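In my numbering, the protein residues as written are 1 to 163.
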């Protein structure tokens, strides 16, 4: 991987909501972490065997902090609203799509009853379109991700009422 490819990768990661990207190729390994990752800095890990030139990495601007007084109340109301609901999570990192193409209806929408094993969406990863099957049964009460948005591993896609 050359310098330009690495800088292009860093720019791409900064434009998305991803918090970390790791890439391995034979004896080359790179890990890019954004401010969404547990720390507040972007970090590039370089391979030990061959020294590489240092790259400038522009930090991503931090989102404005919410007022401290509102945070506990907001978390409490969210916890109450999702209490008793099951989650359908993304098993992979990629781009979330509600339907197989823009002119097709969504696999699952709010109010639909789904069964375990039903296809609820597609996550595109590296030009492969992966059908995501529900691991729970019930009625969809909320879609947590916008169509064509990036998703991370284990990110909640749908909230489902099991009753």
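From the three backbone atoms N, C-alpha and C, an ideal C-beta is built for every residue, glycine too. It should be emphasised that the depicted structure is a prediction, and the values quoted were computed from it without experimental measurement.
Buried or exposed (CB count within 10 angstroms, at least 16 for buried), residue i
i: residue 108; result: buried
i: residue 113; result: exposed
i: residue 84; result: exposed
i: residue 110; result: exposed
i: residue 119; result: exposed
i: residue 94; result: buried
i: residue 134; result: buried
i: residue 170; result: The requested residue 170 does not occur in the structure, where the chain is confined to residues 1 to 163.
Through-space distance from residue j to residue i, alpha-carbon basis
i: residue 27; j: residue 2; result: 14 Å
i: residue 137; j: residue 121; result: 15 Å
i: residue 7; j: residue 22; result: 14 Å
i: residue 145; j: residue 91; result: 14 Å
i: residue 29; j: residue 106; result: 38 Å
i: residue 101; j: residue 129; result: 11 Å
i: residue 25; j: residue 131; result: 27 Å
i: residue 5; j: residue 82; result: 42 Å
i: residue 157; j: residue 89; result: 5 Å
i: residue 39; j: residue 33; result: Below a pLDDT of 50, predicted positions are generally treated as unreliable, and residue 39, at 49, falls in that range; the measurement from the model is reported next regardless. About 9 Å.
Secondary structure of residue i, DSSP reduced to three states
i: residue 13; result: helix
i: residue 34; result: coil
i: residue 114; result: strand
i: residue 5; result: helix
Supposed contact pair residue j and residue i - C-beta distance, whole angstroms, cut 8 Å
i: residue 123; j: residue 143; result: In fact, because the Cβ distance is near 14 Å, the residues do not count as touching under 8 Å.
i: residue 203; j: residue 98; result: Here the chain covers residues 1 to 163 and nothing more, so residue 203 does not appear.
i: residue 159; j: residue 87; result: 6 Å
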